[in-house]
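> Here it is: the structure, laid out below.
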Amino acid sequence: MNPELAAPLADFLLGRADDELVLSHRNSEWTGHAPILEEDIAFTNIALDELGHAQLLYGLYAELGRDDPIRTPDQLVYFREAPAFRNAQLAELPIGDWAFSMLRQYLFDSIEASWLPGLTSSRYQPLAEAAAKIAAEERYHLRHTQARVRRLAGGTDESQRRMQTALEAQWPLAQQWFAAEPAHAQLVEAGLIPAAESLAPRWFNEQVAFFEACGLAVPAVERHIPQRDEHTEHLVDLLSELQQVARAHPGAVW
Amino acid sequence: MSEPANGRETQDQLAAFVARIARGEKIEPGDWMPDDYRRQLIRMISQHAHSEIVGMLPEGAWITRAPNLRRKMVLLAKVQDEAGHGEYLYHAAETLGVSRQEMIDDLLSGRAKYSNIFNYPTLTWADIGVIGYFVDGAAILNQTMLARCSYGPYARANIRICAEESFHMKQGKEMVIRLSQGSSEQRAMVQDAVNRWWWPTLMMFGPPDDESPNTPQLVRWGIKTRTNDELRQTFINNLVPELRAMGLSVPDPDLTFDEASGNWLPGAIDWDEFWRVVKGDGPVNRQRMAARRAAHDDGRWVRQAFEAYAQKQAGRQPA
Amino acid sequence: MSDTQWPRFYVFKQDVPDGPHLNCGSIHAPDIELALLNARDVFVRRPACVSLWVVPAEAIHRNPPAGEAEDQPQPPDTAEPFVVFLKADHRQPHQSAGEVEAVSAEQALALAEAERSGERWVELWVAPAASMLGSDPADQAAWFAPADDKPYRHGSFYHTETAMRQLMAGGSIDES
């Protein structure tokens, strides 16, 4: 691989790793509090899988040999400040109600389903292998979350109302994954990642069709789509909990 | 020895039942069983199931603060297992004729009990290690015994649980070892956790044998094969040398080693505390129940939505 | 159904290709698709599964009969396949034992019994194949293989015994 591509590729991987970590963390806030035992087991399983994905992707980032003092997966997770995180903004929002969390996970699963085929044929072999592993688990996640979204959208008036509210809040933010990032153009050219613009139309149309079939109205996207270095205070709250014990004892072995 | 018979059960039926158990046969759903056997088992199994579910709360709270990725994943996997164990146990109880709905209602109303140990709070990260090492360690001793119990579905549920539980204890023990050998702050943290969890764990094995009137009958019925005091002593003998090797102290100034029996003999257990906590006046009983009730109430609209969808799919009007 | 009393589904797990599906327990779910998904999370957290079936409890007819007369729907005119499950003795779980074609559950039970007149069994179940849902073989990698990738679910992943031996011998632990 052309050494000049290491930095933008690392940046791409960090964004995806941060997505998985932040989402997993949010999902794990439901453990012990889900609407019923079966949902608790299932959603905790998804959180566990996503954390594994994060670890895999942070590992790829570390392998690219950056010179930063903060480089290993644990260092990246526990010792960066909020501005240094590269997750998409939707991931860091608070868990809301069950409809909010189910929809968010569904959108993420559908976005991964869109990106992963291109990533599994990346010319950067470690990424291709990681993507293949992730894709196997994601297939199950998508089946799971799609089944829940369908049921909540088509359940009672109340559940539909909650899903509609969630969709209105989340749909514009979901577009962030398909906004072209100029820094990634060279990665696309080198066959390391697929082009966001090429994936966008199909994903968009599939999702609109799915939501309309569920009886939900897809809102117009009229707000600014954030960049990966644009975060909310929710991320600060999340990190202060996530990093609390590790930061209280820097250098300690756990 | 003959069993006391109530009006419906004949001496012959009871004798035949006890003989089956003495032969090592498993009692399966649908087999004849004394009413008292069924009742005791429903109580024990549902209490066991509730313990797994409520037990998710003290540990689940620290997933978000686990100090490295490995610990975070391990804790997620452990708590997920506990939910799964609750499932296996509810299923085993259902084979005796009680419904899931009844069991949940009993838990949320406070009629049903769960293991007292989960009425204690997790105050530091070190508590998570100690819970795995002590509480899961104690549970393994109990569940290993129950894996041989006379009621088939409960025995099989415990076999499956034991297989999965081994990592629960080991991950906790690994953490306690690490902390005990770590920085002075980590050592202090884990010693403090040991001091708080030692006595409640000893109480997990139940009241002393001379205050456990059920035990002889449970032994005759093949549900218990070891008494509370026997299990408790095994636990103490296992843990004390290990804690001392780690440089940790046991919070029992009266603990002595008895050469003749090879047992570490504990000081007096405060059974007043035990009964107080059993009756609902422990450190966090109210918070535990509030959390379970909140999850149940807040989740009602979700359960109703799933039911409404299923009924629409089946072509019936939603209730 | 009521708030937490969802219909029950029996779960059967096939541990090896060409092996029988064995009853590993039951779960509750509002519908059969969620039953299959939930069964995977409850029963397949560790490896050794290639296929999963869920069968609604109400679709199972048993011999010897459960004791209560069940409302029998009008038998269809045409035969349909019924999956047979057999419990060899008290210690074994029910396991899948082929299929029979029958116009009703009663006939299916009678046929299954006749086919097995020489065998030892304590209970037979039959359920219409159409009432069941099984995992898609194409999903095997996605649904079951990932359990292999989580070594931390096994006790052997933790080196507590080595560490304990070192500490008991008065040494310090090896941090590797």
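Residue numbers (this note's numbering), protein chains in the order written: chain A, 1 to 254; chain B, 1 to 319; chain C, 1 to 176. Where is the CB? At the ideal position from N, CA and C, for every residue including glycine.
#1: Please determine, among A:I134, A:R139, A:F211, the residue with the shortest C-alpha to C-alpha distance to A:Q160.
#2: To be precise: take each residue of the region 74-98 of chain A, compare its Cβ to all Cβ atoms of chain B, and keep it if any distance is under 9 Å. Which residues remain?
#3: Would you list the one or two residues that DSSP bridges to B:Y151?
#4: Scan the region 147-164 of chain A for residues whose Cβ lies nearer than 7 Å to a Cβ of chain B and list them as they occur along the chain.
#5: Output, in chain order, the set of chain C residues within a Cβ distance shorter than 7 Å of A:H144.
#6: Rounded to a whole number of angstroms, what is the C-alpha to C-alpha distance between B:R178 and C:R46?
#7: Just to confirm, is the Cβ distance from A:P8 to A:L127 under 8 Å?
#8: Taking only runs of the beta strand (DSSP E) that begin and end inside the region 237-285 of chain B, which ones reach a length of at least 3 residues, in chain order?
#9: Helix, strand or coil for C:Y10? Go by DSSP, reduced to three states.
#10: Would you mind working out which of B:R148, B:R100, B:S46 sits nearest B:G24, comparing C-alpha positions?
#11: Counting beta carbon pairs with one atom in the region 271-281 of chain B and one in the region 115-124 of chain A, are three or more of them shorter than 8 Å?
#12: Quick one: what does DSSP say A:G154 is sitting in, helix, strand or coil?
#13: At which residues does the alpha helix (DSSP H) containing A:H234 begin and terminate?
#14: Measure the CB-CB distance between C:N38 and C:A29 and report whether it falls below 8 Å.
#15: Under 8 Å between C-beta atoms, does C:L167 make it to chain B?
#16: Do B:W264 and B:N237 have their C-beta atoms within less than 8 Å of each other?
#17: Check for me: the beta strand (DSSP E) holding C:H178 runs from which residue to which?
#18: So what does DSSP say about C:L133, is it helix, strand or coil?
#19: Output the distance between the C-alpha atoms of C:E80 and C:Q107, rounded to the nearest integer angstrom.
#20: Taking the C-alpha atoms as reference points, what is the distance between B:T144 and A:T165?
#21: Is there at least one Cβ from chain C nearer than 8 Å to B:V74's Cβ?
#22: What first and last residue would you give for the alpha helix (DSSP H) that runs through B:A188?
#23: Which residue comes first and which comes last in the beta strand (DSSP E) that contains B:G206?
#24: Taking 8 Å as the threshold (C-beta atoms), are B:A112 and B:R48 in contact?
#25: Just the C-alpha distance for A:M102 and A:V149, rounded to the nearest angstrom, thanks.
#26: Name the two residues that bound the continuous beta strand (DSSP E) containing C:F82.
#27: Which bits of chain C does A:Y140 rub up against, with CB to CB less than 9 Å?
#28: Can you check which of these residues, A:G155, A:E206, A:R143, A:W177, is closest to C:L34 by C-alpha distance?
#29: Which one or two residues does DSSP pair with A:Q186 in a beta bridge?
#30: With a cut-off of 8 Å, does the C-beta of A:H249 fall near any C-beta of chain B?
#31: Along the region 6-19 of chain C, what residues have a CB closer than 7 Å to any CB found in chain B?
#32: To which residues of the same chain is A:A91 closer than 6 Å at the C-beta, ignoring the five residues directly before and after it?
#33: At a Cβ threshold of 8 Å, is A:S101 touching chain B?
#34: Of the choices B:G152, B:I159, B:G137, whose alpha-carbon is the least far from that of B:F167?
#35: Consult DSSP for C:W125 and reduce its assignment to one of helix, strand or coil.
#36: What's the gap between the Cα of B:Q181 and the Cα of B:I223?
By the coordinates alone:
#1: Counting from one through the first sequence, the residue named residue 160 of chain A turns up at place 160. Checked all of A:I134, A:R139, A:F211; the closest Cα to A:Q160 is A:F211.
#2: D74, V77, Y78, D97, W98
#3: On the second sequence, position 151 is the one that residue 151 of chain B refers to. DSSP lists B:I27 as partners of B:Y151.
#4: R151, L152, G154, G155, T156, E158, S159
#5: Here residue 144 of chain A is taken as the residue at index 144 of the first sequence, counted from 1. Residues of chain C passing the Cβ test: L37.
#6: Your numbering for residue 178 of chain B matches position 178 in the second sequence. Your numbering for residue 46 of chain C matches position 46 in the third sequence. The straight-line gap from Cα to Cα measures roughly 27 Å.
#7: For the purposes of this step, residue 8 of chain A is identified with residue 8 of the first sequence, where counting begins at 1. For the purposes of this step, residue 127 of chain A is identified with residue 127 of the first sequence, where counting begins at 1. Result no, Cβ atoms of A:P8 and A:L127 do not sit closer than 8 Å.
#8: 256-258, 263-265
#9: In the third sequence, residue 10 of chain C corresponds to position 10, counting from 1. Strand.
#10: To locate residue 24 of chain B, count along the second sequence from 1; it is residue 24. With distances taken between Cα atoms, B:G24 lies closest to B:R148.
#11: no
#12: Here residue 154 of chain A refers to the residue found at position 154 when the first sequence is read from its first residue. The answer is coil: DSSP assigns A:G154 none of H, G, I, E or B.
#13: Reading the first sequence from its first residue, position 234 is the one you call residue 234 of chain A. Looking at the DSSP string, the run of the alpha helix (DSSP H) that includes A:H234 is 233-242.
#14: For the purposes of this step, residue 38 of chain C is taken as residue 38 along the third sequence, with counting starting at 1. For the purposes of this step, residue 29 of chain C is taken as residue 29 along the third sequence, with counting starting at 1. It is a contact, given that the beta carbons lie within the stated cut-off.
#15: As a working mapping, residue 167 of chain C is identified with position 167 in the third sequence. Chain B contact via Cβ: present.
#16: Residue numbering aside, residue 264 of chain B sits at position 264 when the second sequence is read from its first letter. Residue numbering aside, residue 237 of chain B sits at position 237 when the second sequence is read from its first letter. Yes, the Cβ-Cβ distance between B:W264 and B:N237 is below 8 Å.
#17: The first residue shown for chain C is 1 and the last is 176, placing residue 178 of chain C beyond what the model contains.
#18: Translated into positions along the third sequence, residue 133 of chain C becomes position 133. Correct three-state label for C:L133: strand.
#19: Counting from one through the third sequence, the residue named residue 80 of chain C turns up at place 80. Counting from one through the third sequence, the residue named residue 107 of chain C turns up at place 107. About 11 Å.
#20: In the second sequence, counting from the first residue as 1, residue 144 of chain B sits at position 144. In the first sequence, counting from the first residue as 1, residue 165 of chain A sits at position 165. Near 49 Å, if we compare the C-alpha coordinates of A:T165 and B:T144.
#21: Residue 74 of chain B sits at position 74 when you count from the first residue of the second sequence. Chain C, which has a Cβ nearer than 8 Å to the Cβ of B:V74, makes this yes.
#22: Residue mapping note: residue 188 of chain B aligns to position 188 of the second sequence, counting from 1. Where B:A188 is concerned, the enclosing alpha helix (DSSP H) stretches over 184-203.
#23: What you label residue 206 of chain B is simply residue 206 of the second sequence in a count that begins at 1. Note, B:G206: premise wrong, no beta strand (DSSP E); not H, not E.
#24: On the second sequence, residue 48 of chain B is found 48 positions in, with the first residue counted as 1. On the second sequence, residue 112 of chain B is found 112 positions in, with the first residue counted as 1. Sequence check: residue 48 of chain B is His here, not Arg. Result no, Cβ atoms of B:H48 and B:A112 do not sit closer than 8 Å.
#25: As a first step, residue 102 of chain A is located in the first sequence; it is residue number 102 there, counting from the start. As a first step, residue 149 of chain A is located in the first sequence; it is residue number 149 there, counting from the start. Distance between the alpha carbons of A:M102 and A:V149: 7 Å.
#26: Walking along the third sequence from the start, residue 82 of chain C turns up at place 82. First-last of the beta strand (DSSP E) with C:F82: 80-87.
#27: If you number the first sequence from 1, residue 140 of chain A lands on position 140. L37, R40, D139, A142, W143, P146, listed in chain order.
#28: For the purposes of this step, residue 34 of chain C is taken as residue 34 along the third sequence, with counting starting at 1. The shortest Cα separation from C:L34 among A:G155, A:E206, A:R143, A:W177 belongs to A:R143.
#29: Counting from one through the first sequence, the residue named residue 186 of chain A turns up at place 186. Bridge partners of A:Q186: none, in fact.
#30: In the first sequence, counting from the first residue as 1, residue 249 of chain A sits at position 249. Cβ-Cβ to chain B under 8 Å: yes for A:H249.
#31: none
#32: One-based indexing of the first sequence puts residue 91 of chain A at position 91. D19, V22, L23.
#33: Within the first sequence, numbered from 1, the residue matching residue 101 of chain A stands at position 101. It does not: the Cβ of A:S101 has no partner Cβ on chain B nearer than 8 Å.
#34: For this step, residue 167 of chain B is matched to residue 167 along the second sequence. Considering only alpha carbons, the answer is B:G137.
#35: As a first step, residue 125 of chain C is located in the third sequence; it is residue number 125 there, counting from the start. Strand at C:W125.
#36: To locate residue 181 of chain B, count along the second sequence from 1; it is residue 181. To locate residue 223 of chain B, count along the second sequence from 1; it is residue 223. Their Cα atoms are separated by approximately 41 Å.
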